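Take 7 as the starting number for the sequence shown in my numbering and just add one per residue.
We put the beta carbon where it would ideally sit given N, CA and C, even for glycine.
These numbers come from a predicted model, not from an experiment.
Data first, discussion second: the structure below is written as structure tokens.
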Amino acid sequence: MGELSEKYVRYLDEIDSARERAAITHEEINSIYNEQLNRTMFLLSIVATIFPPLGFITDLLGINVGGIPGEGNPVAFLTVCVFLVILIIGEILIFKFKRWI
Numbered sequence: 007m008g009e010l011s012e013k014y015v016r017y018l019d020e021i022d023s024a025r026e027r028a029a030i031t032h033e034e035i036n037s038i039y040n041e042q043l044n045r046t047m048f049l050l051s052i053v054a055t056i057f058p059p060l061g062f063i064t065d066l067l068g069i070n071v072g073g074i075p076g077e078g079n080p081v082a083f084l085t086v087c088v089f090l091v092i093l094i095i096g097e098i099l100i101f102k103f104k105r106w107i
């Protein structure tokens, strides 16, 4: 009886240690998942910050009313495109300066 009791106690100890190892592994997996999710959300935030100014400018210039700046100028579209590219580059430089990317 003493040997069986010791054998069962060892089995219970092994089960407890396996449960603890499983809990630690579960925490590590959750940590990796959360880190990946945070990186994805950070990248999404950067992209969401870059595009609203571009959308605002293109929406503002896309309304069909008279008196839009550059309406009669054939180079106006190219000027707006160059301005938008400069705006994107400026935003990226600001993000790099602040060490967000």
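For Ile56 against Ile107, the beta-carbon gap comes to about 10 Å, at or over 8 Å, which does not count as contact. When the Cα atoms are used, Ile92 and Asn44 turn out to be separated by approximately 29 Å.
For Arg16, the uninterrupted alpha helix (DSSP H) run begins and ends at 8 to 67, by DSSP.
When only Cα atoms are considered, Phe62 and Glu41 end up about 33 Å apart.
Gly68 and Glu97 have their alpha carbons spaced roughly 22 Å apart.
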